[in-house]
Structures are given as C-alpha cells and as structure tokens.
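Sequential numbering of the sequence shown, starting at 9, is according to our numbering.
Glycine included, every Cβ here is placed at the ideal spot set by N, Cα and C.
Because the structure is a prediction, the values reported are computed rather than measured.
Working notes, beginning with the structure itself.
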Amino acid sequence: RFSGGEIPLTERNTMTTTRRFFHLVDIDNLLGDPRSTDNDQIRTCFEHYRKLTYYREGTHFAAVGTGCNGCHVLAVQSQWPGVRYVRRPGVDGADIALHEVALDEAATGRYTNFVIASGDGRFCETYRELSRLGYPVTVVSRPEALSVELRHLVNDDVLFMPSAVDFNLTAA
C-alpha cells in the first residue's frame with residue numbers, strides 16, 4: 009500500500025524528545041538496475057524516496073549502499089551528495105555493508121528509528137535484529153521488488169515507491 013502521509017513510526021522509549029532516523033538505502037534495489045548511470049533516473053528515484061519518507065537534514069541520516077561498478081557509483085553519488093556511501097564487491101556486497109552499518113549505528117544509540125529502503129529478502133535479518141534491539145523499523149520498497157519473506161515479516165506494513173518503470177518514464 010502507498011502511504012501519502014507521514015511515516016507510521018512509533019516513538020522509541022528514549023530520553024530524547026527528538027526522533028532521529030537512520031536510512032539504509034539499497035539504491036540498486038530501489039532503481040531496479042545496479043548498473044544505471046542515468047542521472048535523471050537516479051535523481052528521480054532519490055527525490056521520490058526523500059518525499060515519501062519526509063527525509064529532513066538534521067534529523068534524518070542515510071547510508072546508501074551500491075555495488076562496485078565505477079560509473080554507476082559516480083552517477084549515484086552525484087545525485088545525493090552529503091550522505092554516507094558504502095560499497096562492497098561480490099554477491100549481496102552492498103546489502104552486507106548496509107547490514108553492518110545498521111548494527112554499528114544501532115549500537116551507538118544515536119538514532120530512534122531505522123528505515124530500510126529495499127525489498128530485498130537479505131534485509132530480513134537486519135529488520136529482525138533492529139526490532140530485537142527495540143528500534144521501530146519502516147520498510148520502503150517498490151511493489152515488484154518486495155520479497156515474499158520480507159513482506160510477511162513486516163506484515164505488509166510497507167511504504168511503496170513508484171515502480172522502476174515509472175522512474176524511466178519520469179526521467180524521459
């Protein structure tokens with residue numbers, strides 16, 4: 009289901025009154041193409057994502073994971089400067105790097121909420137671990153990219169991005 013309203017996150021029991029969000033963005037999954045160098049497509053994807061999640065500098069922080077295709081990495085980084093980028097070669101390399109970042113950031117206690125921007129089933133472990141630690145976790149995905157396992161784990165409580173086809177049409 010697509011939500012046009014505010015992210016449905018519950019407050020974590022903390023001493024702070026300000027919620028601080030940490031976004032784990034699997035851009036390759038959101039784009040549907042781990043090799044895209046189309047600046048318009050990448051920019052449109054990031055714009056949709058930030059609007060959907062009400063991303064705000066100062067209270068929202070992000071780590072964007074991507075593969076190691078050099079041209080793709082440069083195109084992605086040029087469209088959202090100022091966020092943390094993680095890369096790792098190999099199958100699920102970027103996913104593993106994002107998982108590790110999530111656990112490291114959770115351990116610091118600086119954030120009250122986490123957002124997993126991927127429908128990849130590889131993030132089920134990340135979702136479970138963050139939830140076990142007491143963090144509210146929101147999942148953002150494209151409808152066609154959401155794995156069955158992740159959909160069941162989050163009980164269909166997902167914010168949906170436009171289809172990858174829509175990014176291509178919008179960018180044209």
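With fewer than 16 neighbouring CB atoms inside 10 Å of its own CB, residue 79 falls in the exposed class. Between residue 144 and residue 171, the C-beta spacing is not below 8 Å.
Just measuring C-alpha positions, the residue of 90, 54, 44 and 86 sitting nearest residue 65 is 90. In this structure, the beta-carbon distance from residue 95 to residue 110 does not fall below 8 Å. In this chain, the beta strand (DSSP E) harbouring residue 121 covers 121-125. Scanning 26, 125 and 156 for the CA closest to the CA of residue 148 turns up 125. By the C-beta criterion, the stretch 155-170 is judged to be in contact with the stretch 50-65, since at least 3 inter-stretch pairs fall below 8 Å. Nearest in C-alpha terms to residue 47, of all of 81, 103, 28 and 30, is 81.
If one requires a minimum length of 4 residues, the alpha helix (DSSP H) runs lying completely within the stretch 145-171 are 156-161, in chain order. Considered as a whole, the stretch 47-119 harbours 68-74 and 92-95 as its complete beta strand (DSSP E) runs of no fewer than 3 residues, in chain order. With respect to the C-alpha of residue 41, the residue from 74, 85 and 32 having the closest C-alpha is 74. For residue 158 against residue 127, the beta-carbon gap comes to about 6 Å, under 8 Å, which counts as contact. Residues of the same chain with a CB within less than 7 Å of the CB of residue 113, apart from the 5 flanking positions on each side, are 30 and 119 in chain order.
The DSSP-derived three-state label of residue 34 is strand. Nearest Cα to residue 55 within the set 43, 76 and 33: 33. About 6 Å separates the beta carbon of residue 27 from that of residue 121, a gap short enough to meet the 8 Å contact definition. A distance of 8 Å or more separates the beta carbons of residue 92 and residue 115.
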